[in-house]
Structures are given as C-alpha cells and as structure tokens.
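**Q** Everything in the sequence shown is counted per numbering that gives the first Met the number 0, starting at 0 for the first residue and increasing by one. Just so you know, even glycine gets a beta-carbon here, dropped at the ideal spot from N, CA and C. Computed from a predicted model, the values in this text were never measured in an experiment.
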Amino acid sequence: MRFSIVIPTFNNLDYLKLCIKSIKKNSKFDHEIIIHNNGKEELPSNFIEENKITYSKTDYNAGICEGVNLGAKKSTTDYIVYAHDDFYFLPGWDVVFKKEIENLKTNLFYLSGTMVQNGQVDFNCGENIKDFDEEKLLLNNSKIDYFDFQGSTWAPHVIHKEVWNKVGGFSEEFFPGTGSDPDLNMKLWNIGVRIFKGLGKSKVYHFGSIVTRKKFKDDKTVITESGSKGGKIFLKKWGFSIRFFTKHYLRGCKTTKFKRILCNKYDGPLKNPQKNINYFLDLIKDKFKLFFLNI
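#1: Which residues in the same chain as L282 place their Cβ atom closer than 7 Å to its Cβ, once the five residues preceding and following it in sequence are excluded?
#2: Could you check the C-alpha separation between K214 and C18 for me, to the nearest Å?
#3: Helix or strand or just coil, what does DSSP make of F233?
#4: When the Cα of E195 is compared with those of D132, K73, Y109, P272, which residue comes out closest?
#5: Would you say the region 93-100 touches the region 182-193, given that touching needs at least three Cβ pairs under 8 Å?
#6: I need the straight-line Cα distance from K216 to G38, nearest angstrom please.
#7: Under 8 Å: do the region 32-52 and the region 124-138 share three or more Cβ pairs, one atom per stretch?
#8: I believe F206 touches N117 by the beta-carbon criterion, under 8 Å. Please report the beta-carbon distance rounded to the nearest angstrom.
#9: Run through DSSP, which three-state label would V203 get?
#10: What's the gap between the Cα of Y14 and the Cα of D85?
#11: How is L137 classed by DSSP in three states: helix, strand or coil?
#12: Terminal residues of the continuous alpha helix (DSSP H) containing M185?
#13: Taking T76 and F2 to be in contact with their CB atoms under 8 Å, please state how far apart those CB atoms are, rounded to whole angstroms.
#14: Would you mind working out which of P268, I100, G230, I33 sits nearest W188, comparing C-alpha positions?
#15: Under 8 Å, do D266 and Q149 count as touching if we go by C-beta distance?
#16: Count the other CB atoms, across all protein chains shown, that sit within 10 Å of the CB of I241; report buried if there are 16 or more and exposed otherwise.
#17: In the DSSP assignment, the beta strand (DSSP E) including P24 goes from what residue to what residue?
#18: Pairs of beta-carbons, one from the region 165-178 and one from the region 58-78, closer than 8 Å: are there three or more?
#19: Among K72, V67, Y87, N10, whose alpha-carbon lies nearest the alpha-carbon of K20?
#20: Is H35 closer than 8 Å to S55 when the C-beta atoms are compared?
#21: Taking just the CA atoms, how far does F287 sit from G197?
#22: Return the Cβ separation of I190 and V166 in integer angstroms, given the expectation that the two are a contact with Cβ distance under 8 Å.
#23: What are the start and end residues of the beta strand (DSSP E) that includes L103?
#24: Quick check: the Cα distance between G168 and D285, rounded to an integer number of angstroms?
#25: So, helix, strand or coil for K213, using DSSP?
#26: Suppose only complete runs of 3+ residues qualify. What are the beta strand (DSSP E) ranges in the region 144-182, listed by chain order?
#27: Indicate whether T105 and S201 have their beta-carbon atoms separated by less than 8 Å.
#28: Which residues does DSSP pair with K196 in a beta bridge?
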C-alpha cells in the first residue's frame, strides 16, 4: 500500500532533508513524496531528483493549508498523509497504518500517528537537529510504547483521497495553519466520519513545530503564532471552541499545564456528544465568547 505524503515547508531545508531521509530509510513501502515549497527560496534540484519528489511551489508563503491542498492535488494514490517537515518517521509507521486501514473496511476514517518528544511520549533524543541522536532513537524504537487513543494528534494523519476531496481538504481561511486540523475534523464529522483514532505504534519524532512557530513577516500574515486567530475563526465558523469540539465530540487528547499530552484509550467509533450539564455549561461559555467576539 502506497501513500501520498504531503509535506509543506518554509525555509527549513535541514529538517526537511532529515524528514525525507527517515521516510526513505524507515518505510516498508515506496511512498509518493510531495513537497509544497512556500516562499521564494528554491529547493536544490538534485535533492528533488534524487529522492523522486513531486514538487509544488508558491513564490509567497501560502501557509500550511493552501500548501497541503496544492500538494494533495498532485497525489496519485488513494491515501493522503499530511506531515510536518520537522518529523522523523520511525520504522514501521506505515505498516501500522496499512493494517489498520485494511481492518476498517471503510473509507470514513481519520487516523493519526503518535508523536515522540513533543507529543504523547516523553523520550528526548535531541531538542533540535544539531543534537539529534538518531542512533539512540532507533535503538529504543521497540521500547517506545503507546496505546491506541481516541481523537487525534492532528499530524501525521492519513485520510482516503475521496474523503479528503469531499470536504475540500484544509480550509484556507486558517492561514497560516493553526486551527485548521480541528476544522478538518469537524468537516469530516459532518459527513459521517466517526472513526477518529490515534495509533500508538505508528510513531514520529517531533522537533516541535519548527515551521509553524516561525514569525512570518510577509504582507498576508500577522506577526504572531496565530493560535488565538485560529481559535477565533473556528469559534465563529462552528459556534463553539476547539476545546469544546475536542472534549465533547472527539473525546480527544488534552494538554496539561506541564505541557504533557493526555489521551483516552480508543474504545471504538464515536457517538454524538452526550448532552449533559457539563456539555451545556461549556457551550454557554462559548456562546458568551462568540457574542463578545462578534461585537
């Protein structure tokens, strides 16, 4: 089974090269790699050719959403994998996805992997590429264990191409990207997807959103990390917050004040939210936020 792995990048060549190296080295199958390059800097042609990369580009910083959408249009397989360019894919990641897809026998799913270091699993093999200990990571790969969990880590994720096209991919109003993942999940929910599952044995090492935390300075972007901007767009679009959606719909992971990610074990396809007192109290809070946001 081949996937189309779509990777948006923005002036981050060293991490991108490591990401591609890990895909080539640690994948069971020969996947289609699609890079969307944001900005005026060109990627080295020999790098593109040697790694048989499908390439798309904008001269401006299109952000994650438009970049992934443009890349996904070039895909030739049935499955879209979205990845950050600061991921290192661990051995077996694609085999786990493949087995899960074959067992599901439906295209209505949203599967995601498990992030090591800046994610569910706290196992430090380097905070950045300069002190990255690849040997330590690979030697301990079999010992890095996590359960299948409810909800999602957003990326890496895999979606059937027909489902991706049906919801129109990422919503580009969430530029440069924050808020777009839960928005995509909401769109999937609205077409009947109820399998939102994180796979504990499909793992990537995550250096910590190196790209999305950059301070963009082009004319299309406010110089912030855009978290509050994305949250406001989501609230105005859906009538409740990302936190509300994650808690009451996805029953997904939450981040503690110590920046640890806690997840619920996967127990099957989701059902409609239970409309109890906590549901309505949280909803009322969001409606007040929405009211003041609109005025």
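**A** Let me spell this out:
#1: F239, F243
#2: Reliability of the predicted coordinates at K214 is poor, the pLDDT of 42 falling under 50, and the value obtained from them is presented with this limitation in mind. Straight-line Cα distance between these residues: approximately 22 Å.
#3: DSSP places F233 in the helix class (H, G or I) of the three-state scheme.
#4: According to the sequence shown, residue 195 is Phe rather than Glu. Closest by alpha carbon: Y109.
#5: no
#6: For K216, the pLDDT reaches just 43, beneath the cut-off of 50, and the residue's location in the model is therefore unreliable, although a value from the coordinates is still provided. Going by the C-alpha atoms only, they are around 11 Å apart.
#7: no
#8: 7 Å
#9: strand
#10: 5 Å
#11: Assignment of L137 by DSSP, reduced to helix, strand and coil, places it in the helix class.
#12: Element bounds for M185: 179-189.
#13: 6 Å
#14: P268
#15: yes
#16: It counts as buried.
#17: Residue identity check: residue 24 is Lys in the sequence provided, not Pro. That residue, K24, is in no beta strand (DSSP E); its alpha helix (DSSP H) goes 12-25.
#18: A contact exists between the region 165-178 and the region 58-78.
#19: Y87
#20: yes
#21: Distance between the alpha carbons of G197 and F287: 32 Å.
#22: 6 Å
#23: Per DSSP, L103 belongs to no beta strand (DSSP E); it is in the alpha helix (DSSP H), 92-103.
#24: 26 Å
#25: For K213, the predicted structure reports a pLDDT of 48, less than 50, and the residue's modelled location is therefore unreliable. A value from the coordinates is still provided. In the structure shown, K213 sits in coil (DSSP, three-state: anything other than H, G, I, E or B).
#26: 156-159
#27: no
#28: L110, Q149
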